[in-house]
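Residue numbers (our numbering), protein chains in the order written: chain A, 428 to 443; chain B, 6 to 188.
Every residue gets a Cβ at the ideal spot worked out from N, C-alpha and C, and that includes glycine.
Note sheet for the following structure.
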């Protein structure tokens, strides 16, 4: 879970 | 688009229901693909994998892939699609999902970010059933082998390791002359 959130948060312009 | 902690609970519940996920599942990322915000058409990411649902005129299309099976993701520009690769030997198993299906209004400039995120996750999440199987082979203790076998069978019933787990279980129950469990 932590791995996934960390990777998605690297690209806030896409995933946030 | 919503990320963990900011997903409205109504949308989260709708998505869990649509994909028939266990009630307690946590959605880490959700792309609501409906116009009216019901989140019934969606792309979601959970700790298990990626799930996609789309309904058109009463027909439903479901697609999903678990992280443990996903090897990598590529983008095919001419087809404007993401190519999810989970078997290098059997290309028929791999799946295409169009750019818009994955993330509504995703512009081309962001595609490398999506690829980078997905591939990074896929490479970091290893097959836990396979690790348990390695432990099973390394173990010399019968009771430990029985416990590990049960863990594989209960938690990863669809994995390739289940056959070996059942075999080990039978073998060990026979050695212990535990006929009830063997049956």
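Beta-carbon contacts of residue i that lie in its chain and below 6 Å, excluding the five residues immediately before and after
{"i": "residue 68 (chain B)", "result": "57"}
{"i": "residue 170 (chain B)", "result": "154, 157, 158"}
{"i": "residue 21 (chain B)", "result": "30"}
{"i": "residue 8 (chain B)", "result": "34"}
{"i": "residue 23 (chain B)", "result": "45, 58"}
{"i": "residue 73 (chain B)", "result": "132"}
Under 7 Å from the C-beta of residue i: neighbouring residues of chain A
{"i": "residue 129 (chain B)", "result": "430"}
{"i": "residue 126 (chain B)", "result": "430, 431, 434"}
{"i": "residue 9 (chain B)", "result": "432"}
C-beta contact flag for residue i and residue j at 8 Å
{"i": "residue 185 (chain B)", "j": "residue 147 (chain B)", "result": "no"}
{"i": "residue 103 (chain B)", "j": "residue 121 (chain B)", "result": "no"}
{"i": "residue 35 (chain B)", "j": "residue 17 (chain B)", "result": "yes"}
{"i": "residue 3 (chain B)", "j": "residue 107 (chain B)", "result": "As displayed, chain B neither begins before 6 nor continues past 188, which places residue 3 (chain B) out of reach and without an answer."}
{"i": "residue 130 (chain B)", "j": "residue 430 (chain A)", "result": "yes"}
{"i": "residue 54 (chain B)", "j": "residue 71 (chain B)", "result": "yes"}
{"i": "residue 173 (chain B)", "j": "residue 150 (chain B)", "result": "yes"}
{"i": "residue 115 (chain B)", "j": "residue 440 (chain A)", "result": "yes"}
{"i": "residue 179 (chain B)", "j": "residue 188 (chain B)", "result": "no"}
{"i": "residue 165 (chain B)", "j": "residue 428 (chain A)", "result": "no"}
Contacts of residue i in chain A (Cβ-Cβ under 8 Å)
{"i": "residue 78 (chain B)", "result": "Within 8 Å Cβ-Cβ: nothing; residue 78 (chain B) doesn't reach chain A, min ~12 Å."}
Partner residues on chain A for residue i, Cβ-Cβ distance less than 9 Å
{"i": "residue 6 (chain B)", "result": "441, 442, 443"}
{"i": "residue 164 (chain B)", "result": "Per Cβ cutoff of 9 Å: no residues; residue 164 (chain B) is ~20 Å from chain A at best."}
{"i": "residue 14 (chain B)", "result": "Here the premise fails: no neighbours, minimum Cβ distance about 18 Å."}
{"i": "residue 100 (chain B)", "result": "Chain A residues near residue 100 (chain B): none, gap ~19 Å exceeds 9 Å."}
Same chain only: Cβ atoms within 7 Å of residue i, ignoring 5 sequence neighbours per side
{"i": "residue 19 (chain B)", "result": "43, 44, 45"}
{"i": "residue 99 (chain B)", "result": "88, 89, 90, 91, 92"}
{"i": "residue 65 (chain B)", "result": "58"}
Nonlocal neighbours in the same chain, by C-beta distance under 8 Å from residue i, ignoring five residues either side
{"i": "residue 161 (chain B)", "result": "133, 134, 137, 167"}
{"i": "residue 436 (chain A)", "result": "442, 443"}
{"i": "residue 111 (chain B)", "result": "104, 105, 119"}
{"i": "residue 97 (chain B)", "result": "none"}
If we count Cβ pairs, one from each stretch, closer than 8 Å, do we get three or more for the segment 113-131 of chain B versus the segment 6-20 of chain B? no
Taking Cβ-Cβ distances below 8 Å as the criterion, which residues of the segment 104-119 of chain B are in contact with chain A? Against chain A - using a Cβ distance shorter than 8 Å - the residues of the segment 104-119 of chain B are 108, 111, 115, 118, 119.
Chain A contacts made by the segment 32-51 of chain B, where a contact means CB separation under 8 Å: 33, 34, 50
Could you tell me whether the segment 70-77 of chain B touches the segment 28-45 of chain B, where touching means 3 or more Cβ pairs closer than 8 Å? In this structure the segment 70-77 of chain B does not lie against the segment 28-45 of chain B, because fewer than three pairs of beta carbons, one per stretch, are closer than 8 Å.
Residues of the segment 128-162 of chain B whose Cβ lies closer than 8 Å to any Cβ of chain A, in chain order: 129, 130
Taking any Cβ of chain A, which residues in the segment 60-94 of chain B have a Cβ under 7 Å from it, in chain order? Sequence-ordered contacts of the segment 60-94 of chain B with chain A are nonexistent [C-beta pairs closer than 7 Å].
Which of the residues in the segment 19-31 of chain B, read from start to end, lie with their CB under 8 Å from any CB of chain A? When CB distances to chain A are screened at a threshold of 8 Å, the residues of the segment 19-31 of chain B falling below it are 31, in chain order.
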